[in-house]
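Here is the structure we will look at, set down as structure tokens.
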């Protein structure tokens, strides 16, 4: 259907708005995901959606100087409408621990290793 308010050049964004004007800036999300992809590649791991989301959640927690357990991480992902099973999250965390991306703390919480955190921060 024709809408006179939409541009006719094939784009769907109304004139005068920017893509990043919403709650989330898509360019920042893409840049963050690119850094996570590079991190996974440097550790010899393939990129998957669940790994991206788990590492992103751990990075956010680290930036806020807190740690997350499996249950906390799982519920945080569910709150973001990312339907992953508890077991999937646990298995991804185990694999990331085995590869040295994530560390299991004494209190059963998980955090990024200092090397992974520095790589993601661009240090």
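Numbering (UniProt numbering), first residue to last: 1 to 123.
Just so you know, even glycine gets a beta-carbon here, dropped at the ideal spot from N, CA and C.
Contact under 8 Å by Cβ, residue i with residue j
| i | j | result |
| --- | --- | --- |
| residue 89 | residue 73 | yes |
Cβ shell of residue i (< 7 Å), same chain only, five flanking positions each side left out
| i | result |
| --- | --- |
| residue 53 | 77, 82 |
| residue 93 | 54, 70, 102, 110 |
| residue 104 | 97, 110 |
Best match in the options for proximity to residue i [C-alpha to C-alpha]
| i | options | result |
| --- | --- | --- |
| residue 99 | 106, 107, 112 | 112 |
| residue 62 | 102, 107, 106 | 102 |
| residue 43 | 96, 64, 59 | 96 |
| residue 108 | 45, 79, 66 | 66 |
Residues near residue i by beta carbon distance below 6 Å, same chain, minus five either side
| i | result |
| --- | --- |
| residue 128 | The requested residue 128 does not occur in the structure, where the chain is confined to residues 1 to 123. |
| residue 35 | 120 |
Nearest-angstrom beta carbon gap, residue j and residue i [assumed within contact, 8 Å]
| i | j | result |
| --- | --- | --- |
| residue 56 | residue 32 | 7 Å |
| residue 40 | residue 51 | 6 Å |
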